Amino acid sequence: MSALDYLSAALLLLGFIFSLSGAIGLFRFPDFFTRIHASSVTDSSGAVCIILGLALQTNFDLVTVKLLFILFFLLLTGPTGSHALAKSARHGGLLTIPECQEKAKDGVS
Amino acid sequence: MDSVLAASGLGILIVMAIALARAMVAPTVYDRILGVNMFGTKTVLFIATIGFIMGRPDFLDIAIVYALINFIGMVAVLRFFEYTSESN
Amino acid sequence: MSLIFEHFNHWVVVILMMIGLYIVITANNLVKKVVGLNIFQSAVFLMYITMGKVVGGTAPILAEGVTQYSNPLPHVLILTAIVVGVATTAVGLSLVLRIKSAYGTIEENEFQNKEDVI
Amino acid sequence: MNLWASISQDQLINLAIFIPFFGAFLVGLLGKYPNLREAASIATSIILFTVVLAITDNTFHGTLMNMHWFDLFPGLSVSFLVEPLGVLFALVASFLWIVTTIYAIGYMRGNNEKNQTRFFICFALAISSVMAICFSDNLLTLFIFYEVLTLSTYPLVTHAGTKEAKEGGRIYLGILLSTSVGFLLFAILGTYAITGTLDFKPGGVFDESSPDLMVGLLLVLFCFGIGKAALMPFHRWLPSAMVAPTPVSALLHAVAVVKAGVFSILKVAVYIFGLDTLSDLATTDLILYAASGTMVIASIIAMTKDNLKARLAYSTIAQLSYIVLGAMLATAMGVIGSAMHIAAHAFGKITLFFVAGAIYTTAHKKLVSELDGIGKHMPLTMTAFTIGAISMIGLPPAAGFISKWYLLLGSLETSQWVAVIALILSTLLNAAYFIPIVYAAYFKSEPNDQKHQSHGEAPLMILIPLLITAGMTLFMFFNPELPLALAKQMLELSL
Amino acid sequence: MFEQHLAVLPVLLPLIAAPLVVLINKPRAAWLLSTLFVGACVYISFGLVSATMDGGALRYALGGWEPPWGIEMRVDSANAFVLLTVSVIATLVLLFAKESIASEVAHKQLPLFYSAYLLCLAGLSGILITGDAFNLFVFLEISSLATYTLVSLAADRRCLTAAFRYLVMGTIGATFILIGVGMLYMKTGTLNMLDLAERIQAVESHRTINTGLAFIMVGVSIKLALFPLHMWLPAAYSFAPSAVTAFLAGTATKVAIYVMLRFVFTIFGAGYVFEQMNMEIIVLVLALAGIFQCSFVATTQSNIKTLLAYSSVAQVGYIILGVSLVSLTGLTASLLHIFNHALMKAALFMAVGAVFYRMGSVQIIAFQGLGRRMPWTMSAFTIAGLSIIGVPLTVGFISKWYLVTAALEQGNWLVAFLVLVASLFAVVYIGKVIEAAYFKEPSEDADATKIKEVPVSMLIPMWLLVLANIYFGIDTSLTVSAATAGAEALLNGSSLVGGVQ
Amino acid sequence: MTVLIDLILLAMLVITAFRIIYIKDLFSVVMLFGIYSFLCAALFVTLDAVDVAFTEASVGAGISTVLMLSTIAITGRKEKLSLHSHTFATLIVLLTGGALIYGTFDMPLFGLADNPVHEHVAPRYIETSPTEIGLPNMVTSVLASYRGFDTFGETVVVFAAAIGVFSLLGVRGKPTELLAQEQGLTQHKVLRVVAKISIPLIILFALYVQFHGDFGPGGGFQAGVIAAAAFILYALTFSLRKAVGVVSPRFVKYLAPVGVLLYASVGLVSMLNGANFLDYNVLAADPVDGQHYGIIIIELGVGITVFSVMLGIFYAFAGQVEKANVQ
Amino acid sequence: MYLAKWTILLAVFWLLLSGFMQPLLLSFGAISVAIVLLVIKRMDVIDEQPRTIGSPLAALIYIPWLLYQIFLSSIQVTRLIWTGKTKVSPSIAKLPVSSVPENKKVLYANSITLTPGTLSVDLDEEEVTVHALESSSIEELEQGGMADKIAKTWGKKNG
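First to last, the sequence lines map onto chains A, B, C, D, E, F and G. Under this note's numbering, the first residue of the first sequence is numbered 1, with each subsequent residue one higher. Under this note's numbering, the first residue of the second sequence is numbered 110, with each subsequent residue one higher. Under this note's numbering, the first residue of the third sequence is numbered 198, with each subsequent residue one higher. Under this note's numbering, the first residue of the fourth sequence is numbered 316, with each subsequent residue one higher. Under this note's numbering, the first residue of the fifth sequence is numbered 811, with each subsequent residue one higher. Under this note's numbering, the first residue of the sixth sequence is numbered 1312, with each subsequent residue one higher. Under this note's numbering, the first residue of the seventh sequence is numbered 1639, with each subsequent residue one higher.
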């Protein structure tokens, strides 16, 4: 294993940790909007780490380019998707926690 | 190094499984979509990794397709979800 | 024990076929029936692809230093079969849409009742 | 007859079949002009009769005419061969067609029936198929035209179009088709499977190698399969068909349908089984008993019927069984009696039906109980009726006596006591249901409430035919040579 | 040049015509083009029948790759015969469809209709002549997809549910066939039918092959509407446009039966299927049960198309019965009945279509009094109906004769008897219609002035079929010899080896 | 290790399928079906079937899912309670399953190189196709040349589906007939910008797949689907009205048969040159060149047909959705 | 200019994907690029989307910074995930986007999503709605660090 390999392994591990955290976050966070944070943010960083990790395994040729293109595309679409989903959810009537609390207060008063 | 790649492949699989679980059991539909989306992204990574595990990394085109389709699927879900309501 | 591993793929295929068939038969909703059909079909795809695999082989695209390739023929067959599947799905779903506009429902028992009325 | 001499003899068969066929065509074309249409009908029937006479002449001179149409299956053809029994039937049928046509014209016009064109077309088609049946050379041909006959007479039975008529038509078609397809065709195929041939062969086609059990079974299938012979329990169609107009009844009972049935049985008995095989079979007796039973039971039922046509219909069922019985006796006497009876019964029964139709047309009466004193108004008609009744009972001086005589002789010869008893019993029963009608017609006084007003005899078109047939009944008693000669010629062939 | 490609043209012509029709997009021109191409198919089929009559087979390697590496088309006397049936019926129905379909399908959709029709025909021809087990599946799907489309084009909304059910059943059937073919491939490593036949002998008793056989049989049975799997057929036939029903009734199930014959006799071998697996008993019982049950149900129907559809299922039973007898005569009877039943059923459905054209209904009440108003149509119905019953001098009698003879040959008197008895049901259900047509007065609400005979362009194909019913009922030499040759080809496989391109 | 991955994927597949039985919310069913397709595709990759995975991902998870989604947008989300006899279904399913399990016992073991499948026909493809046809991708060689007729049939199947959908739903879509105002997703500014950037890249990628099917996974079919997916994305984010303005349904309708005819014409040309249908050897002086030209053209035919049919089908479905929405 | 940029981008993309330098494939590439350009042109006529792809040089500066932000954000979220939900105090706020160039609003919104603890849930002409895991993140945003960065990188209010 060369130094690049070690670096690559580290990146892969990190990517795995981020990804796993995101997935766990899907279950652990209290409401939809917080869960979207978990998913979106860790998804992106997981993708970055893993793809960079893989890129280090290549001979730095077309394969690397393709990997980077995947990364580019994921970074482009990931947040876009999350944003669109959040927007839809808001339009669909889903409330965030602060809004819920306010509403509850309104109901009381 | 092969074992590292394989391990990370397995790791991604585990994440996929968790996302799958979210997609199957979710409090709201949006959570479900979230799970599906995450599953899709992870599959892209998984496919990319598999190419390296099997020693044929020139199949990354498939991963690209996955990413494209995952995005379009996500958009389609949101688009058509507007029209459907629970009561319908 | 080795038998189980050697046939594991086949058995999963069988289970998937059973699930698909079960959905097709029991589903009352036509869209779900179509989903069931798709699951059923893709199980068959899996069966073909499984038989084409050679352990230790690799995808049948020429590469230097590779001697053992998996069998390309099942892949070709299944490519065709997938296309057939999506064609069937498209026609089936457009039928579903027409049924919805003609009957107002796509639940099998409901439009069956309406058919009796005529 | 010289006219036909110029034509190849074999072509006569085609002529006999196609003349009525084209007659039907002509009738259809002339449908809009009733007079022309009926002239065509009569002309066709007369031409046909002369053709049949020519065939008869040839047959007496020992010429075997045959005609091959086409191979339906490899080795199985639709083909024709003239043999004496067929000639006899053809003669009777073609002669009676003339008479019936004349009668039908009178009857149909007298009763203002609808769809007369269809009627005459189907009538002609039926005759055409009867001719084909007469001359058929093998079972396949026979079966084909047997079915054609059924189908072409179905519209006649249903002619009236009423609910009752349709019901009758359904039963008619139902029983005839189901027996023919279920049993007859099965028997034919069975025969083919066993012997490999379907040709009518003097002396029969079965030999020692044929399994007795199967052959016996086949006999049963044939006899019941030929539903037109109205062997009980497949007789229901005959009374049901009574809803049809009288000329149709005449056609069914005398000219074509039932005769085609018994003719077929006779032909199968003589040319498929052969008298020798037949006498060895266990099932022959079975059929004999069935025929005997049918004779007696049908006669008893006839007694209970007040509707004149229904009574005649049951009488027909009984009389048909005479012929079947004769065939099942499997002796020369029996077969001659049967052949003779085909002719005798034809003339006798057609007279009776004509009379029933005449009464209906003139006096609008259908029931036996209404006929009191009618003899005074329609003396000629009732005389004809009496002659017909005598023939049915089997008394001299009517043709029925001769055939019954042969049958009785045949039964005695083979010591078939059941048959003897049945013959005697049915004779008595026949007398018991015909004599009272004659008696009432002449000697009872008319009921006061409904006098037969001013009506006299039926129109000439109706009267003349029935007088002719009555005359023929008497004539045949005194001159039975022709039918007897034909019957004997047939036996000589097969021995 | 032309002879060289004879074996592939019956598929190619409609396949090329179908996209052309869409491009043209003018109903009349589309019809003309379709008719020309389909007519050419008839011509070619005649050529194929005469070329294979002597027992040889035409082989055509697509792409020039010799089998088993490439796909081959193979025409022997068995499939040439069925092919002829299919193309003749297709042509006649197309003639009939010009008026009939124009009244049932929206004007704008007519080119699409003709295209689907051509695709269906191409699929059916492809199934018939291909020599490759997987290629068969592809063409099966082409024809199925086109059929679903055709069925769903009618105006009655029930055609949609019928088409959907058909789609579900058809897809399951096709997938079952795919599973079966997969299992065969798994054990032999080849897809070419002849090659399969050869290599399957070595692995004959393996459980995988048994299962493959079972799945193929069930799949094909769905497609050909064998008794307990027939439920899709009556609905599909009842609600499809008239011309479509006439076409399908004449061809689709026939082709499926051919597929069964091909698999049983050519690939698996009769010995394996019938002696080792004893399939014939199952098939025999199912065929008989189907004949009786469906004939009976037919008698209770008041919708004449449904009635005839059930009758079709029963007739399929007769054909399968012939197969289950496993003899030359039995197979001949089956092949004969494939042809004969196509003639009569197509004629019947055309007549019903003609009635629908005028009356807008196919309920029995619409038929009342039609004998006088539409004499040509109703007499065509009558004659074709007599043929279904099996009256002599029609083709129905011929096939029944052979079927019963085959049963008797085997000493199977009971079966022979049952076959004959079952045909009595036909008397009932056909008689019902004829009685209504000729002996009942028209129903009150029918507008008598509007009801007249249909256009000649509809009568001509109908009567051509009716005359064929009579002609082939009298002169059987052509059909019987062709069917016998086909049966021989299936049974002894002599045509399987050798042959020229 | 790959075996383990294989097992996990299979297990996930079964669980997903199993879950679909019990979910009554069709929206979720369809999403799970999308996942199912993704899993299948992933499995295909591990089983070396890269071309198939390519197709399954774009078709199963892409087109099929989109079509299903648009269907339930009209027909409603909830599956009502089923009244069917489950015992009957269970019986049939168990019977089928039993038969299949019985069949598996004599099946060749998984993945052995000396299984019959790999011994008879396949070796020729693997050993001689690179020299005979001259392409590294054996799947493309077999698909387009050895079994070119199958692929022709496949193209026709796609075309047949188009005929079916067009005649059932109509080729709707003069822009005037469609919804005038934009709503829903079309207001998502972010989405529109991102889509607008990615669509050209997606189309170019599709064309790349079209022309590089000979060398790597992909080919006409996949390319057609991906290109159609790009326009579908446009329609989803910018409204159907605008998409129809870019590529009109009439154009699509006439393009579909052109692809089929293009394919057929290659065969006809080889017939004119005296060879059998689809024999590419005669298309050029050198057989290998001939093969290459033939394959490129037929792949193009496939691509054109698939692209236009998939887009046409989507137009038909989306048009229905708009129609339902207007009412 | 705009289409020329696209042409170059597409051509580069093709070459990177393909990697083959044979004349046949290159000509295919040319055809493909032409087709795509045609499509872009047609689409631009139909929709009135701002037509820009920006300068690649600026992106090179921006992307590493963005990656760094993503990294920070991930650490934060990961920490929150593993330490439990009690610490989560989600809040929502609307931020003005007037300071951001018109054609970079989308970039801004996406960057917000990618950066620590915040998520853009809505974007219109005037303002962006931001949802945050911790209210402190919002305050950070309000100070306008990111908006400035974008403005600085690409220059103000021009494309």
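Just so it is clear, CB atoms sit at the ideal spot from N, CA and C, and this is done for glycine as well. Treat the numbers as computed from the prediction; the structure is a model and nothing was measured.
Original post:
Using 8 Å as the threshold, is the segment 420-435 of chain D in touch with the segment 788-802 of chain D, meaning 3 or more CB pairs across them?
Top reply: no
Original post:
Candidates E:Ala984, E:Thr959, E:Ser1197 and E:Tyr1167: which alpha carbon is nearest F:Leu1479's?
Top reply: On the sixth sequence, residue 1479 of chain F is found 168 positions in, with the first residue counted as 1. Taking only the C-alpha atoms, the option nearest F:Leu1479 is E:Thr959.
**OP:** List the whole-angstrom C-beta distance separating A:Gly81 from B:Phe180, where the pair is believed to meet the contact cut-off of C-beta under 8 Å.
**Re:** The residue you call residue 81 of chain A lines up with position 81 of the first sequence. The residue you call residue 180 of chain B lines up with position 71 of the second sequence. Between B:Phe180 and A:Gly81 the Cβ distance is about 7 Å, and since that is below 8 Å, they are a contact.
Original post:
Can you round the beta-carbon distance between D:Ala642 and D:Ile587 to whole angstroms, since I take them to be within the 8 Å contact cut?
Top reply: As a position in the fourth sequence, residue 642 of chain D is number 327, starting the count at 1. As a position in the fourth sequence, residue 587 of chain D is number 272, starting the count at 1. The pair is not a contact, with the Cβ atoms about 11 Å apart (cut-off 8 Å).
Original post:
Secondary structure at G:Val1768, three-state DSSP: helix, strand or coil?
Top reply: Start at 1 with the first residue of the seventh sequence, and residue 1768 of chain G comes out as number 130. Correct three-state label for G:Val1768: strand.
**OP:** Per DSSP, which residues does E:Arg869 bridge with? Please list them.
**Re:** In the fifth sequence, the residue the question calls residue 869 of chain E occupies position 59. Bridge partners of E:Arg869: E:Arg884.
**OP:** Say whether chain F places a C-beta atom closer than 9 Å to the C-beta of E:Phe1037.
**Re:** Working through the fifth sequence from its first residue, we reach residue 1037 of chain E at position 227. E:Phe1037 does not count as touching chain F.
Original post:
From B:Leu177 to F:Tyr1413, what distance separates their C-alpha atoms?
Top reply: On the second sequence, position 68 is the one that residue 177 of chain B refers to. On the sixth sequence, position 102 is the one that residue 1413 of chain F refers to. Rounded to the nearest angstrom, the gap between the Cα atoms of B:Leu177 and F:Tyr1413 is 41 Å.
Subject >> Status (buried if at least 16 other CB within 10 Å, exposed otherwise) for F:Gly1585 >> reply: In the sixth sequence, counting from the first residue as 1, residue 1585 of chain F sits at position 274. The residue in question, F:Gly1585, is exposed, as its Cβ has fewer than 16 Cβ neighbours within 10 Å.
Subject >> 9 Å Cβ cutoff, F:Val1512 in contact with chain G >> reply: Mapped onto the sixth sequence, residue 1512 of chain F falls at position 201. Residue 1512 of chain F is actually Leu in this sequence, not Val. Cβ-Cβ to chain G under 9 Å: yes for F:Leu1512.
Subject >> Neighbour list for G:Ala1672 in chain F, Cβ cutoff strictly below 8 Å >> reply: One-based indexing of the seventh sequence puts residue 1672 of chain G at position 34. The contacting residues do not exist; G:Ala1672 stays about 10 Å from chain F at best.
Subject >> Nearest residue (CA-CA) to B:Tyr139, options A:Gly78, A:Ser88 and A:Leu54 >> reply: Counting from one through the second sequence, the residue named residue 139 of chain B turns up at place 30. Of A:Gly78, A:Ser88 and A:Leu54, the residue nearest in Cα terms is A:Ser88.
Subject >> Alpha carbon of F:Gly1529 to alpha carbon of F:Ala1424, nearest angstrom >> reply: In the sixth sequence, counting from the first residue as 1, residue 1529 of chain F sits at position 218. In the sixth sequence, counting from the first residue as 1, residue 1424 of chain F sits at position 113. So the alpha carbons of these two residues sit roughly 25 Å apart.
Original post:
Considering only C-alpha positions, which residue in the set B:Ile121, B:Arg141, B:Val145 and B:Val113 is nearest to B:Ile156?
Top reply: Translated into positions along the second sequence, residue 156 of chain B becomes position 47. When each option's Cα is compared against that of B:Ile156, the closest is B:Ile121.
Subject >> 3-residue-minimum beta strand (DSSP E) runs that sit fully inside the segment 717-764 of chain D, ordered along the chain >> reply: none
Subject >> Close-in-space but distant-in-sequence residues of the same chain around F:Ser1452 (CB under 6 Å, 5 per side omitted) >> reply: Position 141 of the sixth sequence holds residue 1452 of chain F. Excluding residues within five positions, the ones whose Cβ falls inside 6 Å are Ser1440, Ile1444 and Leu1446.
Original post:
Considering only the beta carbon of each residue, do E:Ser753 and D:Asp452 sit closer than 9 Å?
Top reply: The structure shown does not extend to residue 753 of chain E, since chain E is modelled only from 811 through 1311, so no value can be given for it.
**OP:** Use the C-beta contact count for E:Thr1055: other C-beta atoms within 10 angstroms, 16 or more gives buried, fewer gives exposed.
**Re:** Counting from one through the fifth sequence, the residue named residue 1055 of chain E turns up at place 245. Looking at its Cβ environment, which holds 16 or more other Cβ atoms inside 10 Å, E:Thr1055 is buried.
Original post:
Considering only residues of the same chain and omitting the five flanking positions on each side of C:Leu276, which have a CB-CB separation below 7 Å?
Top reply: The residue labelled residue 276 of chain C in the question sits at position 79 within the third sequence. The answer is none, since no qualifying residue turns up.
Original post:
Which of the three DSSP states, helix, strand or coil, is assigned to C:Glu304?
Top reply: Reading the third sequence from its first residue, position 107 is the one you call residue 304 of chain C. Taken through DSSP and simplified to helix, strand or coil, C:Glu304 comes out as strand.
Original post:
Mind pulling the chain A residues with CB within less than 7 Å of F:Val1577?
Top reply: Your numbering for residue 1577 of chain F matches position 266 in the sixth sequence. Per Cβ cutoff of 7 Å: no residues; F:Val1577 is ~31 Å from chain A at best.
Subject >> D:Met316 burial status per 10 Å Cβ neighbour count (16 or more: buried) >> reply: The sequence position of residue 316 of chain D within the fourth sequence is 1, counting from 1. Low local confidence applies: a pLDDT of 47 at D:Met316 is under 50, so the model's placement there is unreliable, with the coordinate-based value given in what follows. Burial call: exposed.
**OP:** Buried or exposed for G:Lys1679, please, with buried defined as at least 16 other CB atoms from any protein chain shown within 10 angstroms of its CB.
**Re:** To locate residue 1679 of chain G, count along the seventh sequence from 1; it is residue 41. Residue burial annotation: G:Lys1679 is exposed, with fewer than 16 other C-beta atoms found within 10 angstroms of its C-beta.
Original post:
For the alpha helix (DSSP H) that contains D:Ile779, what are its first and last residues?
Top reply: Within the fourth sequence, the letter at position 464 stands for residue 779 of chain D. From DSSP, the alpha helix (DSSP H) with D:Ile779 extends over Leu775 to Phe793.
Original post:
If we cut at 9 Å on Cβ distances, does E:Ile826 have a partner in chain F?
Top reply: Working through the fifth sequence from its first residue, we reach residue 826 of chain E at position 16. Chain F, which has a Cβ nearer than 9 Å to the Cβ of E:Ile826, makes this yes.
Original post:
Across which residues does DSSP place G:Ser1818 in a beta bridge pair?
Top reply: This structure cannot speak to residue 1818 of chain G, because chain G is shown only from 1639 to 1797.
Original post:
Going along the chain, which residues of the segment 54-65 of chain A sit with their C-beta nearer than 7 Å to a C-beta in chain B?
Top reply: Leu54, Gln57, Thr58 and Val63
**OP:** Out of E:Tyr1281, E:Leu1275, E:Pro1044 and E:Ser1267, state which residue places its alpha-carbon closest to the alpha-carbon of E:Phe906.
**Re:** Your numbering for residue 906 of chain E matches position 96 in the fifth sequence. Selected option, being the one with the closest Cα: E:Ser1267.
Original post:
Taking Cβ positions, are D:Ala785 and D:Ala659 nearer each other than 9 Å?
Top reply: As a first step, residue 785 of chain D must be located in the fourth sequence, where it is residue number 470. As a first step, residue 659 of chain D must be located in the fourth sequence, where it is residue number 344. No; because the gap between Cβ atoms is not below 9 Å, this pair is not in contact.
**OP:** Measuring alpha carbon to alpha carbon, tell me which of B:Gly182, B:Met183, B:Ile127 and B:Phe161 ends up nearest B:Arg118.
**Re:** Here residue 118 of chain B is taken as the residue at index 9 of the second sequence, counted from 1. The sequence given here places Gly at residue 118 of chain B; Arg does not occur at that position. Checking every option, the nearest Cα to that of B:Gly118 belongs to B:Phe161.
Subject >> G:Ser1583 versus G:Leu1662, G:Ser1670, G:Val1715 and G:Ile1788, residue with shortest Cα-Cα distance >> reply: Here chain G comprises residues numbered 1639 to 1797, so residue 1583 of chain G is not present and cannot be evaluated.
Original post:
According to DSSP, is E:Pro829 helix, strand or coil?
Top reply: Within the fifth sequence, the letter at position 19 stands for residue 829 of chain E. Residue state for E:Pro829 is assigned as helix, using DSSP reduced to three classes.
Original post:
Would G:Met1659 be called buried (16 or more neighbouring beta carbons within 10 Å of its own) or exposed?
Top reply: Here residue 1659 of chain G corresponds to residue number 21 of the seventh sequence, with the count starting at 1. Under this definition G:Met1659 is an exposed residue.
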